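**Student:** Position 94 (the sequence shown) corresponds to 94 in full-length UniProt numbering; numbering is contiguous.
Yeah, the Cβ is synthetic: ideal placement off N, Cα and C, and Gly gets one too.
Quantities reported herein were computed from a predicted structural model and do not represent experimental measurements.
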Amino acid sequence: VDTPQETSDLPVAYPTFFRHQLRHRGSSKRSGPLGDQPFPGLLQLEHLSREGLVDALRAAVVDQKGPLVTLNKPPGLPVTGKPGELTLFSVLPELSQSLGLRDRELHVVQASGKETSGLVLLSSCPQTASHLQKFFIYSRRARRPTATYWAITDGIPATSEGNIQAALKLEHIDGVDLVIPVKSPSRKDFQEGVKRTLSHFHVVAMGSGCALVQLQPLTVFPSQLQVHMVLQLCPVLGDHTYSARVGTVLGQRFLLPAESTKPQRQVPDEALLRRLRLTPSQAAQLPLHLHLHCLHLPGMRPREAPMKLLAPLPPYFSRSLQCLGLHQQ
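1. Give me the Cα-Cα distance between Gln216 and Leu119, rounded to the nearest whole angstrom.
2. Give the secondary structure of Ser208 by DSSP, where H, G and I count as helix, E and B as strand, and everything else as coil.
3. Taking C-alpha atoms, which residue in His47, Leu256, Leu71 and Ser49 lies nearest to Leu309?
4. Can you grab the Cα-Cα spacing for the pair Ser96 / Asp103, in whole Å?
5. In three-state DSSP terms, what is Val179?
6. I need the DSSP call for Asp63, collapsed to helix, strand or coil.
7. CB-CB under 7 Å to Gly162, same chain, minus the five flanking residues each way: which ones, in chain order?
8. When you compare only the Cα positions, how much space is there between Ala56 and Lys73?
9. Give the list of continuous alpha helix (DSSP H) stretches no shorter than 4 residues that lie fully inside the region 254-321.
10. Could you say which of Ile180, Arg274, Arg187 and Gln282 lies nearest to Ser260 if we only look at CA atoms?
11. Under a three-way DSSP split, which group does Lys169 fall into?
12. Assign residue 333 to buried or exposed, taking buried as 16 or more other Cβ atoms, counted over all protein chains shown, within 10 Å of its Cβ.
13. How big is the Cα-Cα spacing for Gln127 and Leu106?
14. Verify whether the separation of the beta carbon atoms of Arg253 and Leu324 is less than 8 Å.
15. Provide the residue span of the beta strand (DSSP E) that contains Tyr149, from first to last.
16. State yes or no: is the C-beta of Leu53 within less than 8 Å of the C-beta of Val91?
17. Among residues of its own chain, excluding the 5 on either side of Ala284, which ones have a beta-carbon nearer than 6 Å to its beta-carbon?
18. Beta-carbon separation of Pro287 and Tyr316 under 8 Å?
19. Taking just the CA atoms, how far does Gly41 sit from Pro314?
20. Assuming Tyr149 and His289 make a contact with CB atoms under 8 Å, what is their CB distance in whole Å?
21. Could you tell me the alpha carbon to alpha carbon distance between Leu122 and Val109, rounded to whole angstroms?
22. If we ignore side chains and look at the alpha-carbon of each, how far apart do Ser318 and Val204 end up?
23. Determine whether the beta carbon atoms of Arg50 and Glu94 lie at a separation below 8 Å.
24. In the structure shown, what three-state DSSP assignment does His327 receive?
25. Relative to the alpha-carbon of Gln226, which residue among Thr87, Tyr242, Asp154 and Arg140 has its alpha-carbon at the smallest distance?
26. For the alpha helix (DSSP H) containing Ser160, list its first residue and its last residue.
27. Alpha carbon to alpha carbon, how far is Ala59 from Pro185?
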């Protein structure tokens, strides 16, 4: 995969992509230009049956070539979970039947996290799934980005482009698994699960105190992109887990101690709420504005060209971009 092409073609394509999103944002036919719903297109998982979820996932298929099936996952849907929970993994047999794959079992190759929207890559061929897993591992070792996310951040990064590096660990605090940054980690820390993480960011558009940011993780760690943006003092919009770590005094932002800062609902300031046309109670339900938009894959056969898979933005994400005026370069 040609790395320079990977990182350079997406921002250039953005204006056309955004216009396409506004034409297909799926708002109510009876409503005004932004729709009456504050978060159009959200999946209400608690109201869904297994059959309803299978229907929603089948409608979310953006590509099906050979053994590969690509979905555009809505936020809030976990990939795996406890026995009996409604997850993507739990309905794969029904989805396989629904897609006409008969007895071929679907395997999850790559997926966005529970609260993240965007691409999920499935394969009905174990050899293809294994080949792609090896490709992702090799790409990470070579520091070649394969995944590109879009994020809307509350705050604008100090520089328009750069790398974010942090040592992170996963801790179980008050019954919740939370990612904690570790300053100056020791060799013992790394032996006990601390991992060096790296992400590349590029600010695509900014305005109204917010930014549209392109993010490319070069390592894999839970909630890596959310925590990295908090370390930039620019939490992702709708991040109700880590945004509380960013405090403000007299308009100046600073980091609060991660170990002692409990997760709480993100509270956008009044100006941002007005821009987003949300009430405080609606803002408490803001979905995470982090979307796995693009995956670069190798050709599946010798001499076959590399593939680029794309997932359109969810309607609520496009609505937020429009409210914030972030479509202008």
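**Tutor:** From the atom records:
1. 14 Å
2. coil
3. Leu71
4. 8 Å
5. strand
6. strand
7. Phe201
8. 9 Å
9. 270-276 and 280-283
10. Ile180
11. strand
12. This structure cannot speak to residue 333, because the chain is shown only from 1 to 329.
13. 12 Å
14. no
15. Ala147 to Asp154
16. yes
17. Arg265
18. yes
19. 7 Å
20. No, Tyr149 and His289 are not in contact; Cβ-Cβ is about 10 Å, not under 8 Å.
21. 5 Å
22. 15 Å
23. yes
24. coil
25. Tyr242
26. No alpha helix (DSSP H) holds Ser160; DSSP gives it neither H nor E.
27. 46 Å
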